[in-house]
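Counting in this note's numbering, the sequence shown runs without a single skipped number right up to 1122 at its last residue.
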Amino acid sequence: MRPGIVFCLALLSLVAFVQIGDSAQAESEPGELILRETFEDPTLPAWQGVRNDKAHVTRVIGPNGNPGISMTVDAGVTRIFTRRLPIDKVAGKPVLIDIWRKADNVVTGREHYYNAKAMLSWKARGAKKPEYSGTEFSDFFGTFDWQRHRYVVNMPEDLEWAAVSIGMQACSGKASWADLKIRVDPRFVDQASLEHFLADQQRRAFESLTADSLTVKRLPGGTVQLMMDDLHVPKQYWNADARQVLLAGASASSGPRPRAAEDFASKLAIAFDARADQLQKDLSRRSGQALNDRVLEIACLRERTSQIISGADVPSRVTLTADPSTTFPVAPLVFGNNVNTQNFNEIFDSQKGSFRQPFLDLFRPMGITFLRYPGGCNADIFNWKDTVGPVEHRKEILNYHDGTGRGVARFGVDEFLQFCQQESITPIITTAFCKDHPQRIDPKEHPKGVRHPYVFSYLKTAPQRVQLAADWVEYCNGSVNTTFGRLRAQNGHPKPYGVKYWEVGNESYGPDPTGSCTADEYAKAFPKYVRAMKERDPSITVVMNGYSQPEWNATVLAKAGRYADAFQFHIYHSPRLQLDKNTMEARPDQFSPATRSADRIPALLNDVERIMQEHLGHTLPTIISEFGMGNTKDREFMTSVTSPVLVADMWRTLIESPLVVGANKWCLYTGYWFSQILGPTTADPDAAFYGRPEHAMHCIYAWCRGKTRLAVNNEQSDGVKAVVFQRPDSYGVVLISRESASWQSLQLGLPGIANEQAECLMMTAGHPLLGNEQDPNLVQPYRFDFRYDADEPILVPANSVIGLVIPR
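Printed below as a string of structure tokens:
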């Protein structure tokens, strides 16, 4: 439940205050017990809220034989039970919620916060809206057995009311709860102190690992785990004994070497086995977490190889068929990316006018066709005039976080556009936006002024935005007879660049520190930009700034859509770690919901198309100028193989959409957890270049793509999806395994195929949390030839993106 969505909370004043538990319960743990619900009666007579007859509630046996309740709902159904907490006992205090919960195929609804819940809510006196514990604490989904869950909320002193709620909001599946306690515990003054306590408990449990206390557990999908009795030992606690046990156990299970056959499965086993040998040779050069990650991947590779040889347990058998009678053009600009100009200062040589070769060696195989400049939120504080001319005369780029300098832009406007010409890339430029002349805006009324104090001083001297955008168009596209075309010629490029695509502002609906405004304000300002920019070059495509929420889109399209040549918005999916990360490490199957969130994109695009038709009578070419895995606040998760699997599937949905003419993955180089290429920076000039797993995924799409694609019955498969590109003499097939812990057998139907040699390029790892952050060489693409047989299923590993080039 997000702020602003209140399920009958106004009625909660009718609910009686909760009685304090008996003394025996209160004395069992420190602090004061505020509420205990034992769920003896599944009707929960003391609770109120939304009661829906379509939600089936029953009594179940919970952990340790205690009673619990389960709730089963179909898609879109909501049932929430809520109970008030006594204000005098929780006001101004850190309140601990302690509950057991279980999920059986709980599927998130249309919004990311439509899930099963165990939630605290409250309202301070004078506050306009209630507040809620964050979804990362309150929500759960997927499938897992009983888990104890705890979190802390610091209640305000001026508390008007507080409540606890359990239930299911607009999702589907079966959720269960047991043994709920609400306490004020002196050990936990905030969430951080609770997390420290739990981490310390776990550390002490695993601080003295010995070989004779450890065993190796093998999972059906090829993942291996280290166990101490019945407890999974997270890799962060592994010592030399632990690593030795895991490697010895993996070697013992590996059996005979893979047979030298030509079929896909045999070649895959050979590739996995060779990779394990290669990784094991370099073990002595690794230490710490990099060593543990490598040991885990070696053990998983040995187990995967063994399972292929012995006959993998395949719970999912899928048939996908490409229809030769239904072909679609592939939008050439859909394979795009983003740059933030300041990130290139350390690797771009302005005197030579080129990047370092290691960067180009990683960049070129990605096949980028559409490149956005100068970046995301920094675009609205970016003055292009400070980035042209001799480098020694340029001004510093400003940091959109705090207004400080980020150094002179070595990769300025001319360098960017010349690079695009050299690499045959179409540029798209995002102009700085402000709803009015910056100096006429009252900073105190600016939506981001409080959070970003520099906005107050910046707006007093910031240049007029409409004029700045028009001058930029003229600099890029004007003849040498114009003022800024002449300046471009003086800077060494008399021929106009002919930049076609121009975005007006970045994320103006809120995230942008300087350009944020309301939809009405954006709609009022947008036509001024269009008129001024097209006066300098009528042929340009001016792109309106949209949003992934319908309210903004309806307003800007209704009031100013007729001035737009195209429309853009951003799509980020931020799947949350369903359980604490060490528990998730023990349950690789729990990552599968994260890779399925792209299923929500078609409905979003349909909604945008509907709004366009409603207000314009036609659609606008649409560019998704940023997309990818959003900020999950966990670096290991965001840089793991889970991210490219999710992004590959997001890309599939954009390729399949007739509305989308371009798409730009965020972000190309360093500075972010969702970058594809890492390397030297101003802060770390000696860092090595390497690609994250997402880089390999880009290369797979580039390697496979063609100008047209065949329709594929992807709706018939949940676990694996396919894109089939049609090329002059072959098919390029991208397979996306959305299963995080199991093999899949895919029968792929392609027309006009002969049984002959094909090629494979694959990105995968043995566990969904593995990536290249600690060990840059850990996850590398596999490439091998194999004998394609149309009658032989393809064995698809978990956590994989597979490219196949199959002759026809």
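Quick reminder that beta carbons are idealized off the backbone N, C-alpha and C, glycines included.
Treat the numbers as computed from the prediction; the structure is a model and nothing was measured.
Give every residue of the same chain whose Cβ lies closer than 7 angstroms to the Cβ of residue i, excluding the five residues on either side of it in the sequence, and list them in chain order.
i: PHE1100; result: GLU576, ASP577, PHE578, LYS581, ALA1072, CYS1074
i: ILE661; result: PHE669, ARG670, PHE673, GLY993, PRO994
Skipping 5 residues on each side, what residues in its chain have a beta carbon closer than 8 angstroms to that of residue i?
i: ARG949; result: TRP987, GLU1087
i: PRO470; result: ALA405, GLY406, TRP436, ALA438
i: LYS431; result: MET315, ILE394, SER452, ASP453, PHE454, SER479, ILE480, GLY481, MET482, GLN483
i: LEU918; result: SER862, ILE885
i: ARG914; result: ARG424, HIS887
i: VAL644; result: ILE969, ARG1019, GLY1020, LYS1021, THR1022, ARG1023, PHE1039
i: GLU445; result: PRO317, SER435, TRP436, LYS437, ALA438
i: PHE658; result: PHE669, ARG724, PHE725, TYR983
For residue i and residue j, I'd like the C-alpha separation in whole angstroms.
i: ILE1120; j: ILE1067; result: 8 angstroms
i: GLU341; j: ARG462; result: For GLU341, the predicted model reports a pLDDT of 43, less than 50, meaning its position is unreliable; a value from the coordinates is still stated below. The straight-line gap from Cα to Cα measures roughly 20 angstroms.
i: HIS1081; j: ARG599; result: 22 angstroms
i: ASN380; j: ALA492; result: 7 angstroms
i: ASN553; j: ASP894; result: 22 angstroms
i: CYS981; j: ASN651; result: 6 angstroms
i: GLN550; j: HIS510; result: 15 angstroms
i: GLY1125; j: ARG571; result: This structure cannot settle anything about residue 1125, because the visible part of the chain is limited to 315 through 1122.
i: ASN1091; j: PHE673; result: 16 angstroms
i: LEU325; j: TRP475; result: No answer about LEU325 holds up, because its pLDDT of 26 lies below 50 and its placement is not dependable.
i: VAL524; j: ASP555; result: The sequence as given places Thr at residue 524; Val does not occur at that position. Taking the straight line from one Cα to the other gives about 6 angstroms.
i: ASN1028; j: ARG966; result: 10 angstroms
i: TRP816; j: ARG518; result: 57 angstroms
i: GLN753; j: GLY985; result: 31 angstroms
i: ASN1011; j: VAL959; result: Position check: residue 1011 holds Met in this sequence, whereas Asn was assumed. When rounded, the distance between both Cα atoms is 8 angstroms.
i: ILE411; j: SER639; result: 58 angstroms
i: ASP903; j: SER1056; result: 8 angstroms
i: SER911; j: PRO704; result: 47 angstroms
i: VAL787; j: ASP1000; result: 37 angstroms
Using a Cβ-Cβ cut-off of 6 angstroms (strictly less than) and excluding sequence neighbours within five positions of residue i, which residues of its own chain qualify?
i: HIS546; result: GLN539, ALA900
i: ASN896; result: PRO548
i: GLY563; result: VAL530
i: TYR789; result: PHE798, ARG802
i: TYR1096; result: ALA585, MET1076
i: GLY1125; result: Outside the shown range of the chain, which is 315 to 1122, sits residue 1125, and nothing can be said about it.
Please tell me whether residue i and residue j are closer than 8 angstroms, where the distance is taken between their beta carbons.
i: LEU561; j: PHE586; result: no
i: PRO777; j: ASN697; result: yes
i: GLY1117; j: PRO1007; result: no
i: SER1051; j: PRO1107; result: no
i: THR855; j: LYS809; result: no
i: GLY824; j: SER888; result: no
i: LEU1022; j: VAL974; result: According to the sequence shown, residue 1022 is Thr rather than Leu. The answer is no: Cβ separation not under 8 angstroms.
i: SER822; j: PHE747; result: yes
i: SER490; j: LYS368; result: no
i: TYR1004; j: VAL1048; result: no
i: LEU593; j: HIS1009; result: no
Select from the options the residue whose C-alpha is nearest the C-alpha of residue i.
i: SER447; options: ARG708, THR457, TYR427; result: TYR427
i: GLN1061; options: ASP1043, ASP1103, THR1022; result: ASP1103
i: LEU706; options: ALA723, PRO1111, GLY717; result: Inspection of the sequence shows that residue 706 is occupied by Glu rather than by Leu. Of the listed residues, the one whose Cα sits closest to GLU706 is ALA723.
i: ILE739; options: THR775, THR683, CYS748; result: THR683
i: ASN859; options: LEU533, GLN515, THR1022, TYR836; result: TYR836
i: THR537; options: ASN820, ILE612, ALA878; result: ILE612
i: ASN805; options: LEU891, ASP728, SER1031, LEU349; result: ASP728
i: PHE905; options: ALA369, VAL421, GLN558; result: VAL421
i: GLY916; options: GLU865, SER957, PRO972; result: It is worth fixing the name first, because residue 916 is Pro in this sequence and not Gly. Residue PRO972 is the option with its Cα nearest to PRO916.
i: ILE695; options: ILE623, PRO767, GLN927, LEU773; result: LEU773
i: PHE941; options: SER957, THR449, ARG497; result: SER957
i: GLN558; options: ASP750, THR619, LEU605; result: LEU605
i: MET847; options: ILE743, SER771, ARG800; result: ILE743
i: THR619; options: LYS666, ARG589, THR633; result: ARG589
i: GLN1094; options: THR372, ARG608, GLU354, ARG350; result: ARG608
i: GLY625; options: LEU930, GLN781, SER527, ALA583; result: ALA583
Who does residue i pair with in a DSSP beta bridge?
i: ILE383; result: ARG373, TRP491
i: LEU545; result: MET542
i: SER630; result: GLN1058
i: LEU782; result: DSSP lists no partner for LEU782.
i: CYS485; result: VAL391
i: ILE623; result: DSSP, once it has assigned bridges, lists no residue as partnering ILE623.
i: HIS1134; result: The displayed coordinates of the chain run from 315 to 1122. Any statement about residue 1134 would go beyond what the structure contains.
Taking only heavy atoms of the ligand SAM into account, decide whether any of them is closer than 7 angstroms to the Cβ of residue i.
i: ALA839; result: You won't find the ligand SAM in this model; it holds no ligand whatsoever.
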